[in-house]
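Counting in my numbering, the sequence shown runs from 140 upward without gaps.
No residue lacks a Cβ here, since even glycine has one placed at the ideal position from N, Cα and C.
Computed from a predicted structure; not experimentally measured.
Written out below as structure tokens is the structure these notes cover.
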Amino acid sequence: GEVCTMINKKYSEFLPSLWSAEELVAQVDGLCESIDLLQAGIEHEVQRDLNVAVAEFTELKQQLERDTLVLSILKKLQEFDRAIKEYNTALVEKKYVVAAQQLEKARSSLKMLESRKGFELKILKALGTELTVQTQNLLYHLGEEWNKLAVWKLPPSKESSSLESVLHSELHLHTVPAKEEEVAGPPVASVLQAFAVLGELHNKLKIFGQLLLKHILKPLISYPSLQPCTEEQSDVFILHFKSKEPSLNHCSPVEVFAKIKLIFEILHKYLLNVPLEQPAEDKEDGRVTLAGLLGDLIWEELSECLIQNCLVNSIPTKSSKLEQYIEVIKSTEEFEKALKNMQFLKGDTTDLLKYARNVNSHFANKKCQDVIVAARNLMTSEIHNTVKITPDSCVALSKLPDPRADNLKTQKASPLLRNNTVSLENETKLSQHTFSLPTCRISSSVDKLMELACRTLLEATASTDQCCIQLFYSVRNIFQLFYDVVPTYHQENLQKLPQLAAIHHNNCMYIAHCLLTLGHQFRYRLTNILCDGAATFVDLVPGFRRLGMECFLAQMRVQKGEILERLSSARNFSNMDDEENYCAANKAIRQVLHQLKRLGKVWQDVLPVNVYCKAMGTLLNTALSEIVTRIAALEDISTEDANRLYFLCRIMVEEGPQVFTPLPEDDQNKKYQEEVPVYVQKWMMFKELMIILQASLQDIVDQWADGKGPLAAEFSAAEVKSLIRALFQNTDRRAAALAKIK
140 GEVCTMINKK
150 YSEFLPSLWS
160 AEELVAQVDG
170 LCESIDLLQA
180 GIEHEVQRDL
190 NVAVAEFTEL
200 KQQLERDTLV
210 LSILKKLQEF
220 DRAIKEYNTA
230 LVEKKYVVAA
240 QQLEKARSSL
250 KMLESRKGFE
260 LKILKALGTE
270 LTVQTQNLLY
280 HLGEEWNKLA
290 VWKLPPSKES
300 SSLESVLHSE
310 LHLHTVPAKE
320 EEVAGPPVAS
330 VLQAFAVLGE
340 LHNKLKIFGQ
350 LLLKHILKPL
360 ISYPSLQPCT
370 EEQSDVFILH
380 FKSKEPSLNH
390 CSPVEVFAKI
400 KLIFEILHKY
410 LLNVPLEQPA
420 EDKEDGRVTL
430 AGLLGDLIWE
440 ELSECLIQNC
450 LVNSIPTKSS
460 KLEQYIEVIK
470 STEEFEKALK
480 NMQFLKGDTT
490 DLLKYARNVN
500 SHFANKKCQD
510 VIVAARNLMT
520 SEIHNTVKIT
530 PDSCVALSKL
540 PDPRADNLKT
550 QKASPLLRNN
560 TVSLENETKL
570 SQHTFSLPTC
580 RISSSVDKLM
590 ELACRTLLEA
600 TASTDQCCIQ
610 LFYSVRNIFQ
620 LFYDVVPTYH
630 QENLQKLPQL
640 AAIHHNNCMY
650 IAHCLLTLGH
660 QFRYRLTNIL
670 CDGAATFVDL
680 VPGFRRLGME
690 CFLAQMRVQK
700 GEILERLSSA
710 RNFSNMDDEE
720 NYCAANKAIR
730 QVLHQLKRLG
740 KVWQDVLPVN
750 VYCKAMGTLL
760 NTALSEIVTR
770 IAALEDISTE
780 DANRLYFLCR
790 IMVEEGPQVF
800 TPLPEDDQNK
810 KYQEEVPVYV
820 QKWMMFKELM
830 IILQASLQDI
840 VDQWADGKGP
850 LAAEFSAAEV
860 KSLIRALFQN
870 TDRRAAALAK
880 IK
């Protein structure tokens, strides 16, 4: 019973909590249902309303953007329109700067409009056209104004820069400040500023600068006689020119600088002293001057012209005058300084001043150039004008002062080739003619060329180190040039004319001879500067000797060829009993002698005697050798043939020596004519041949003398046997004679 009571008690306590729990469950279920309904409601209705609202908002936003854009475009169009209207007003009132600024405003509005993508308005094209038309219109008005301000009065001639036309050229500047401002047109500043705003100033100034260079600045540099004249009237400033006799052919730089400076001063005062506002994009230096702009455009061409036509000519040609050049450098500095003050020039030292200050180098260059030009002129002048040189005539150096003498003016150089003996260190004596050249003729141009070389070396010894080196190498260049130029330039004449070939040979030998001692004369000065012993010309000597020899030997080959050509028409000297054959042979021999006589004359007094005799001897030898060969080859010589051949040979022996006439005085030539056997190798052989042509069999055997006689000295056994067979009929006596020739 007690247990039941406890259970009831527990049960009665449990029931209420059970009921409250069930009630709670019911409530939760209800709440879940409400949530589901709410979620379904949100999903179906609120979300849809929200989407609609967002779409509406986006549309409104785009609408607003479109309207803002349209509004800004309309604003820009309005700005463009206002700018054009204000431009028109300003143009009428001749307020050119305002007009130009308004056009630039209109231009930037139009640019903005064109940059809007998706708004290709048809109107923009029309606006662009309008802007272009108005810009051209303003430029036309500005151009007209500018042309009134700076008036060029130029002669109509085509040759615009001749002296005559420059004298008729004038520049009128209508920029003189007027007394009553109201009457005055727009001042020069507003015209130029307007050009600047439109970006056209550069072109305008470029054209003006070119006219200035062509009609004023360059003529003032080129014509020393031109003088600028100025006159100022109430409303105009006039620049014109007159001509006066110049003191020199070349303007002195000092005078030229003064004239050019005057022109710039006028331009600065009346036209260009105008500060300008640069368009926005060049803001960094903001204000530039007109003078500076013009200077940038013309300075390079002007300074080039000043250097080439003025400074170049003023470089001295003698080192003694270099001192006076300081004045030119100073006036160049002052000229540049003045232009900087007027703002035509910016920055530091320009090419002009660098050129003037570099005078030593230019002096050397000019000197070297003059030397080479003079040398080239001498080399291309005629070879045949000659002067005689003898062993006693010293090289051109003797006419020059001694480089070691303190007083260069008074002392004369010790001759290059002293006639007394030269003392060497070991006291061995050289003959007085060791370094002398045999008497001969050389071109006067070569004589002058050596003088030029020596004068230049002398100048080198008195110059600055740099100049000295340049001049020394210039002299070496003279000889290199001779080596290259002369043989080519005179090639045809050296081949055709034997006398010129001989003179050229002498010229080369003379130069080689002089070069042996040329550097030695100046060694005291030159070797200090040129590394030990480089001041020499000895290395050039073999080349010149070779050059002379080659040319003369080529001429000898030509002459030999002609001799053989003439003898080839002698019909091999066969069948001389035939009159026609005999005449042909006689004519050939006469022609050869005539050729040799002519050569003997043209080389007379030209070649050194020893060279002359060797050359004539070689050519006569060619003729005799050919005749011997032809006669020795004959198979049959009749008595009549032999007599006639002997007669022809006698002509050669009698007249051959007469071609040796090395000297103009006939009586002095006898000695050389008697020495012919020395110079003509085959002379004795030829005489032996003549003996054979006239001899009996016994005479020939006696002349042979068992291979020890004079005949054996000139002919071989085979040649003598062949001649015996040709001259004598086949008999026992002939056979016996032939047996003894061995």
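Residue i, buried or exposed, once every other Cβ within 10 Å from all chains shown has been counted against 16
i	result
residue 822	buried
residue 150	exposed
residue 348	buried
residue 808	buried
residue 595	buried
residue 478	buried
residue 760	buried
residue 392	buried
residue 652	buried
residue 285	buried
residue 507	buried
residue 341	exposed
residue 174	exposed
DSSP state of residue i mapped onto helix, strand, coil
i	result
residue 849	helix
residue 779	helix
residue 804	coil
residue 370	strand
residue 183	helix
residue 865	helix
residue 280	helix
residue 522	coil
residue 98	As shown, the chain starts at 140 and ends at 881. That puts residue 98 outside it, with no answer to give.
residue 534	With a pLDDT of only 48 at residue 534, under the threshold of 50, the placement of this residue in the model should not be trusted; the figure read from the coordinates follows. In this structure, residue 534 counts as coil in the three-state DSSP scheme.
residue 428	strand
residue 98	For the chain, the structure presents residues 140 to 881; residue 98 sits outside this window and is missing.
residue 312	strand
residue 149	helix
residue 528	strand
Member of the options whose CA lies at the smallest distance from the CA of residue i
i	options	result
residue 675	314, 844, 593 and 473	593
residue 287	199, 356, 444 and 376	376
residue 624	522, 234, 657 and 295	522
residue 771	360, 785 and 265	785
residue 84	217, 281 and 198	Since the first residue shown for the chain is 140 and the last is 881, residue 84 is missing from the structure and cannot be characterised.
residue 797	768, 856, 788 and 755	755
residue 742	703, 709, 799 and 795	799
residue 637	590, 303 and 694	694
residue 233	200, 195, 276 and 209	276
residue 787	490, 345 and 730	730
residue 703	368, 692, 739 and 768	768
residue 368	599, 453 and 402	402
residue 327	502, 683, 463 and 236	236
Cα-Cα separation between residue i and residue j, rounded to whole angstroms
i	j	result
residue 492	residue 654	41 Å
residue 736	residue 752	13 Å
residue 680	residue 641	18 Å
residue 870	residue 877	11 Å
residue 314	residue 249	36 Å
residue 632	residue 690	11 Å
residue 373	residue 311	12 Å
residue 480	residue 404	10 Å
residue 355	residue 442	14 Å
residue 602	residue 819	55 Å
residue 859	residue 880	8 Å
residue 875	residue 712	28 Å
residue 141	residue 152	17 Å
Same chain, Cβ closer than 7 Å to residue i, five either side skipped, listed in chain order
i	result
residue 154	none
residue 278	337 and 339
residue 243	336
residue 579	528, 645, 745, 746 and 747
Cβ shell of residue i (< 6 Å), same chain only, five flanking positions each side left out
i	result
residue 395	360 and 449
residue 197	none
residue 780	715 and 716
residue 873	867
residue 292	309
residue 832	781, 784 and 785
Own chain, CB closer than 8 Å to residue i, minus 5 neighbours either side, in chain order
i	result
residue 591	510, 513, 514, 517 and 617
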